[in-house]
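One gets this note's numbering by counting positions in the sequence shown from 1 and adding 33 to each.
All residues carry an ideal CB built from backbone N, CA and C; glycine is no exception.
Here the structure comes first, spelled out in structure tokens, and everything after it is commentary.
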Amino acid sequence: MSITGELARARALMFAADEPTAKELLLSLMPAIEAADRDDQMLEVFAQLGEIYLIRSALDGVRECIRRIDDCLDIYASIL
């Protein structure tokens, strides 16, 4: 399945209250997304992971996801 399809599958797993499986799927996608240099997909991964951590009240994980999203956006802001 494509990365986009896997991201949609992770979202469906979250809606089905299977956050642990969704988290593992998202983490497994990160190397392929990095290799493809797809920041848009990496931002989606961090957004979904942040949502999972927020649901689980894992605030350190939420902060880390926000930091990584901000880092990516800062790079694009400096280019523009």
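When burial is assigned at 16 or more other CB atoms within 10 Å of the CB, is M34 buried or exposed? exposed
Among Y109, I85 and I66, the one whose alpha carbon lies nearest that of P53: Nearest of Y109, I85 and I66 to P53, Cα basis: I85.
On the premise that L87 lies in contact with V78, defined as a C-beta separation below 8 Å, what is that separation, rounded to the nearest angstrom? Not confirmed; about 15 Å, so no contact.
Judging by CA-CA distance, which residue of D73, G83, S90 and I66 is the nearest neighbour of I108? D73
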